[in-house]
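Trainee: Submitted below is the structure of interest, expressed as structure tokens.
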Amino acid sequence: RMRLLRLPGDVYPGARLQWSADGKWISLFDADYFPATLNVVRADGTGLRLIARNARDAAWSPTGERIAFVGHRGVVLLDVAHARRRQLIRMPTTHYGNTSVAWSPDGQRIAYTRNALGRGDFHNQLWTVRVDSSDQRPVTQGFPDDGSDDPDVWVAGTVTGKPAPRLPLVGLRGTRTIATSLPIVALAASGNRAAVAQGLGGPRDFRGPLGPIVVWNPVRSAASQIRIPGCGSAYEVELAGVFFTAGGVGYRVQRGRGAVEIVHTQDGEFSGAFLDGLAEDGNEIAFDVGILGTTAHGEVYQARSRIWKATGAQKAIVHTFSREATVASLDAGRIAVLRDGHAVSVLLPSGEVRTFAFGRVLGAALDGPRLVVLESARLDVVDLSSGRRVASWPVRRGFGPAPELEGARGDLAAYVVGTAVHVLRLSDGHEIVIDTPTATEPVFARFSPSGLFYSFNESYAKRPGRLVFVARSELERVLASRAAGR
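Written as structure tokens, this is what we have:
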């Protein structure tokens, strides 16, 4: 027997339907609309009622009489038959994050996603809670989010597979730390100072707060701030000392004048130019400007890349490459450029260009007479004078995302995998991993003459940004201890 239910005008006809486990109820969730409404109705078509006007996700319990959903204030549990409602978890939710909920097979726990930075994409972690709202616990920590919005699924079973590798985690002594009010999304270091950009930004209609660039000198215990002009998202900010790019414009911070524009690109969706890689060394800055082109068939591609060098108020194009080329490092007048993901070119002050072919290149850094190149599974060291590979060390990637080379200086190299900061000694391959148990991406590290700056974001903290300085002597101490097997 069939019964036709006429829906009210505020219920979307294409709403997602879900039966309760006992077959007595049906939920209607407007998943394609924002804000989405959640309604329930009895299986015989009677008793249609509105549960929430601003829902993100919903799931019926295995026994069928209760439904859990994510509202704009957190996770809510509703006993439909008796109209009893309980707020299980209070947390801020957004259109992009904190959107999924699932029941354990025995109905005793609920899994949900929680944004480690409070809002924004790509920072969701998995948590569980008992149905009486007790025993909240994280299941993942610092787990790389792929940006998908697929629902959580809880299954009964036994998982077998390869265990996670053990990393050489170390604790460091005598570190100095400052906190920022917003998440840190970029880091640079020059001399004894470090600069960080903070804030989530985002599309115009869902834009989060943007904070100023913070410049910190741990030796003098001094910090200052620089406003970011013309930028819709702090993720557009790249830093090199006190030079930064924002919204397609390159700025140099000059004493007494603030941010002074030195280059401006007109980028568009199908044509124009855009700023990409950025590196600094003392008073010198190198960056690249990509020029887009269109084929006869209307396909957009990067036609060429112009490599610029700026010294003081003077700037000039030092080389033009066909297709894609990205500035990766600058040291003593030499510029390392990534070429189409499979080669590294080094521009020498004499005008000579030396190119080294590799497999898949993820990053490169110049360190005196050496070129350090990161591939997906190895870190190679090349002698620039002879062109020979003098060392090659495996990358401890584990189950994390692709590694990112953060820099090299004086026989040490730093790379990041997820939230783990790795420091490797190039001469013998000994390695340590700085322990950041509550870190959330993004994570960065930069060498200075006296040590290492690294930044991360403290999960679920009101002031999440963390900028840390560790002296080089401390890095050498823990590396020596590791090499000695202590």
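When we follow our numbering, the leftmost residue of the sequence shown carries the number 341, and every step to the right adds one.
Glycine is no exception: its CB is placed at the ideal position from the N, C-alpha and C atoms.
1) In the structure shown, what three-state DSSP assignment does Val577 receive?
2) Could you check the C-alpha separation between Ala451 and Asp621 for me, to the nearest Å?
3) Would you decide whether Gln654 is buried or exposed? Buried here means 16 or more other CB atoms lie within 10 Å of its CB.
4) Flag this pair as touching only if the segment 765–784 and the segment 687–699 have three or more C-beta atom pairs under 8 Å; answer yes or no.
5) To the nearest angstrom, how far is it from the Cα of Ala811 to the Cα of Ala676?
6) How many angstroms separate the CA atom of Ala903 from the CA atom of Arg806?
7) So, for Arg516: in the same chain, excluding its five sequence neighbours on each side, which residues have a beta-carbon less than 6 Å away from its beta-carbon?
8) Using the C-alpha atoms, what's the distance from Asp768 back to Arg822?
9) Between Val420 and Tyr755, what straight-line distance do the alpha-carbon atoms span, to the nearest angstrom?
10) Measuring straight from C-alpha to C-alpha, what distance separates Val493 and Val783?
11) Among Ala423, Gly727, Val441 and Gly385, which has the Cα closest to the Cα of Ala395?
12) Have a look at Val471 and Gln448 and give me their C-alpha separation to the nearest angstrom.
13) I want to know whether the segment 655–667 touches the segment 634–644 - three or more CB-CB distances under 8 Å.
14) CA-CA distance, Glu814 and Pro789?
15) Let me check one thing: in DSSP terms, what residues is Ser732 bridge-paired to?
16) Would you tell me roughly how many angstroms separate the C-alpha atoms of Gly572 and Val701, rounded to the nearest one?
17) Does chain B have any CB closer than 9 Å to the CB of Val525?
18) Hey, could you find the ends of the alpha helix (DSSP H) Ala754 is sitting in?
19) Is it right to say Lys649 is buried, meaning 16 or more other beta carbons lie within 10 angstroms of its own, or is it exposed?
20) Nearest to Arg533 by alpha carbon, out of Gly791, Asn797, Ser799 and Arg803?
21) With H, G and I counted as helix, E and B as strand and the rest as coil, what does DSSP make of Ala383?
22) Quick one: using the 10 Å Cβ neighbour count with 16 as the cut-off for buried, is Ile625 buried or exposed?
23) I'd like to know whether the C-beta atoms of Gly750 and Arg786 end up nearer to each other than 9 Å.
24) What's the C-alpha gap between Thr468 and Met431?
25) Note down the Cα distance separating Phe610 from His637, rounded to an integer number of angstroms.
26) How many angstroms separate the CA atom of Ala361 from the CA atom of Ala742?
27) If you compare alpha carbons, which of Leu507, Leu711, Gln465 and Asp446 is closest to Val827?
28) Give the range of the beta strand (DSSP E) segment to which Ser521 is assigned.
29) Answer yes or no: do Leu833 and Asp671 have a C-beta to C-beta separation smaller than 9 Å?
30) Where does Val420 sit, in a helix, a strand or coil, going by DSSP?
31) Can you name the residues that DSSP bridges to Gly411?
32) In this structure, does DSSP put Leu815 in helix, strand or coil?
33) Hey, would you say Glu781 sits closer than 9 Å to Ala519, going by beta carbons?
34) Once the 5 residues before and after Thr377 are set aside, which same chain residues still bring their CB inside 6 Å of it?
35) I'd like to know whether the C-beta atoms of His762 and Arg736 end up nearer to each other than 9 Å.
36) In or out: Ala828 buried (at least 16 other Cβ within 10 Å) or exposed?
Mentor: Let's see:
1) Here Val577 scores only 47 on pLDDT, less than 50, and its place in the model should not be relied on; the value that follows carries that caveat. The answer is coil: DSSP assigns Val577 none of H, G, I, E or B.
2) 48 Å
3) exposed
4) no
5) 27 Å
6) Only positions 341 to 826 of the chain appear in the structure, and residue 903 is not among them; the question remains open.
7) Pro558 and Phe809
8) 12 Å
9) 52 Å
10) 29 Å
11) Val441
12) 6 Å
13) yes
14) 13 Å
15) Asp720
16) Because the pLDDT at Gly572 is just 45, under 50, the model does not fix this residue reliably, and the point stays unresolved.
17) No chain B is part of this structure, which consists of one protein chain only.
18) Counting along the chain, Ala754 falls outside any alpha helix (DSSP H), though it belongs to the beta strand (DSSP E) covering Leu752 to Val757.
19) buried
20) Gly791
21) coil
22) buried
23) no
24) 14 Å
25) Summary for Phe610: the model assigns pLDDT 38, below 50, so the residue's position carries little reliability, and this model does not support an answer.
26) 41 Å
27) It is not possible to answer for residue 827, since the shown part of the chain is limited to 341 through 826.
28) It is not in any beta strand (DSSP E) - Ser521 carries neither H nor E in the DSSP assignment.
29) Because residue 833 is not part of the residues shown, which for the chain are 341 to 826, the question remains open.
30) coil
31) Gly414
32) helix
33) no
34) Asp370 and Arg393
35) yes
36) In the structure as shown, the chain starts at 341 and stops at 826, and residue 828 therefore has no counterpart that could be examined.
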